[in-house]
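Since the structure comes first, as structure tokens, the remarks are kept for the end.
There are 2 protein chains.
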Amino acid sequence: MAKPEIKVVNIVVSTSLKHEIPLEKMAATLSNTEYNPEQFPGLVIRIKDPKTSALIFSSGNVVCTGARSMDKVEESIKKIIKSLEKINIRIKIKPEIKIQNIVASGTVGMDLNLNNLAMKLKNTEYEPEQFPGLVYKLVEAKATFLLFSNGKVVCTGTKSEENVNKALEKLIDNLKKVK
Amino acid sequence: MAKPEIKVVNIVVSTSLKHEIPLEKMAATLSNTEYNPEQFPGLVIRIKDPKTSALIFSSGNVVCTGARSMDKVEESIKKIIKSLEKINIRIKIKPEIKIQNIVASGTVGMDLNLNNLAMKLKNTEYEPEQFPGLVYKLVEAKATFLLFSNGKVVCTGTKSEENVNKALEKLIDNLKKVK
DNA sequence: TAGAACATAATTATTTATAAAGAAGGAGGC
DNA sequence: GCCTCCTTCTTTATAAATAATTATGTTCTA
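Line by line, the protein sequences give chains A and B. Going by this note's numbering, the first residue of the first sequence is number 739, and it counts up by one from there. Going by this note's numbering, the first residue of the second sequence is number 739, and it counts up by one from there.
This is how it looks when you write it as structure tokens:
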């Protein structure tokens with residue numbers, strides 16, 4: 739069996755700048771933004787480096803997506819705050835960042851018989867003609883996995899890298915039990 | 739138990755101006771109207787103060803909605819008649835207004851176990867995954883209630899404020915019986 | 001042959017759908 | 001010739017869709 743491994747590919751965080759934001763003005767001033775309030779109430783801002791995107795709401799709440807590490811998340815938030823200075827909004831607080839979701843991708847190091855797993859594991863959903871992956875809710879790790887027949891896996895729903903690794907271990911334990 | 743209370747929030751009335759109305763001309767002349775005969779045969783007129791809306795039909799029949807008191811209904815009808823003068827239609831009669839429906843909202847002053855009520859009360863419909871309120875047809879008061887778990891209620895189907903209050907009392911009586 | 005949809009998780013906030021009642025008067029179905 | 005839908009209004013309270021991100025792999029479209 740090849741070595742199991744998993745790597746974080748996306749971190750979703752939320753934070754509050756504790757300051758009202760004039761989205762209309764922001765959209766008019768910054769070119770890397772998209773704002774269609776009749777479609778969605780948040781303004782989209784795309785940062786090139788780190789390559790992330792954020793949703794900014796008039797309340798000052800922010801959702802940042804796309805970063806692969808917390809360093810990149812912090813950098814992104816700082817760039818957003820810097821951008822706000824261009825419309826004369828100075829954020830003086832250090833925003834409290836909360837991880838809401840982590841997506842990780844990796845492999846269990848062996849091929850998987852999804853049909854078999856769908857029968858023997860609990861909390862499973864598998865409809866190959868709809869989606870080729872088997873959805874496995876790992877309740878004990880509060881994580882959800884997508885399992886593919888070649889052994890590749892996607893882990894989502896956790897809130898720390900530590901839990902991603904724990905979830906993978908638990909997943910492998912469970913896979914061994916039903917083998 | 740907190741004090742039960744209920745307040746009228748919408749009165750629907752119908753009346754007849756006893757005069758043919760050229761809806762096309764009316765729509766072309768008045769900016770606060772909408773007329774799409776292929777969609778609906780009535781012309782919509784929106785009044786700012788009182789904030790109400792009315793449907794006017796070529797027959798001269800009128801439906802007025804949105805008022806919270808009969809005073810506001812009367813005011814609205816008068817404004818419609820005044821508007822008609824702009825297209826040289828003079829209504830000389832005093833239209834006979836008939837209340838068709840009253841919607842009232844309030845509370846019974848206590849939390850409600852909707853599942854329990856659905857089982858023990860008659861004339862009940864409760865499908866929480868479709869709508870969170872329980873529908874309760876109070877036959878003896880000719881009123882229909884929407885009941886919510888926090889005790890808030892909506893009463894509809896009555897034709898007088900007096901009956902709204904009677905219906906609430908009857909509702910509370912019935913709720914006490916099954917408690 | 002490249003792209004999109006399909007599915008998962010999480011947050012933000014707004015809109016819309018859901019249900020009830022009632023009138024008006026056309027259109028459509030059976 | 002009936003029945004349903006359309007539209008207007010109002011409240012209540014849920015859920016879903018709207019948008020962003022990311023990996024995965026199958027299937028379908030252009």
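Beta carbons: idealized from backbone N, C-alpha and C, even for Gly. All values reported here derive from a predicted model rather than from experimental measurement.
Here E743 of chain B is bridged, per DSSP, to B:T845. In this structure, DSSP gives K836 of chain A an extended state, which the three-state scheme calls strand. Looking at the DSSP output, R784 of chain A shares a beta bridge with A:S791. Note on A881 of chain B: 16 or more other CB atoms within 10 angstroms of its CB, so buried under the neighbour-count rule. In terms of Cβ geometry, I825 of chain B and K756 of chain B do not form a close pair [threshold 7 Å].
Minimum Cα-Cα distance from S754 of chain A among the listed residues A:I829, A:D911, A:E900 corresponds to A:I829. In this structure, the alpha-carbon of L855 of chain B lies about 40 Å from that of A856 of chain A.
Rounded to whole angstroms, the gap between the alpha carbons of K860 of chain B and I749 of chain B is 27 Å. For L872 of chain B, DSSP records a beta bridge to B:L885.
In this structure, the CA atom of I819 of chain A is about 59 Å from the CA atom of P760 of chain B.
Counting only unbroken stretches of 3 or more residues, the beta strand (DSSP E) elements lying wholly within the stretch 743-771 of chain B are 743-754, in sequence order. Assigned with DSSP and collapsed to three states, N903 of chain A falls in helix. In the structure shown, N861 of chain A falls within a coil segment according to DSSP collapsed to helix, strand and coil.
From the listed residues B:R784, B:N839, B:G847, B:V877, the smallest Cα separation to A740 of chain B is found for B:G847. Here P866 of chain A is exposed: its Cβ has fewer than 16 other Cβ atoms, across all protein chains shown, within 10 Å. Contact between the stretch 895-915 of chain B and the stretch 835-845 of chain B is established, with three or more Cβ pairs separated by less than 8 Å.
The C-alpha of K858 of chain A is placed about 56 Å away from the C-alpha of I827 of chain A. DSSP places N799 of chain B within a strand segment (E or B) once states are collapsed to three. Exposed is the label assigned to S807 of chain A, since fewer than 16 other Cβ atoms lie within 10 Å of its Cβ. In this structure, K817 of chain B sits near I785 of chain B, with a CB-CB distance shorter than 7 Å.
Judged by beta-carbon spacing, L852 of chain A lies within the 7 Å limit of S887 of chain A, meaning their Cβ atoms are closer than that value.
Residue pairing of K890 of chain A in beta bridges, as defined by DSSP: A:T845. Measuring C-alpha to C-alpha distances from A765 of chain B to each of B:S791, B:I783, B:I744 identifies B:I783 as the nearest. Shown here for G780 of chain B: same chain residues with a beta carbon closer than 7 Å to its own, the five before and five after excluded, namely L793, I794, F795 in chain order.
Ranked by Cα distance from T862 of chain A, the first of A:S814, A:C802, A:N912 is A:N912. Between the alpha carbons of S814 of chain A and K904 of chain A lies a distance of about 28 Å. For T803 of chain A, the CB contacts under 6 Å within the same chain, skipping 5 residues up- and downstream, are V750, S791 in chain order.
In this chain, E867 of chain B is not harboured by any alpha helix (DSSP H), its DSSP state being neither H nor E. A distance below 7 Å separates the beta carbons of F883 of chain B and V891 of chain B.
Residue pairing from DSSP places A805 of chain B in a beta bridge opposite B:I749. Restricting attention to A:D849, A:Y864, A:V800, A:Q868, the CA atom closest to the CA of I835 of chain A is found in A:V800.
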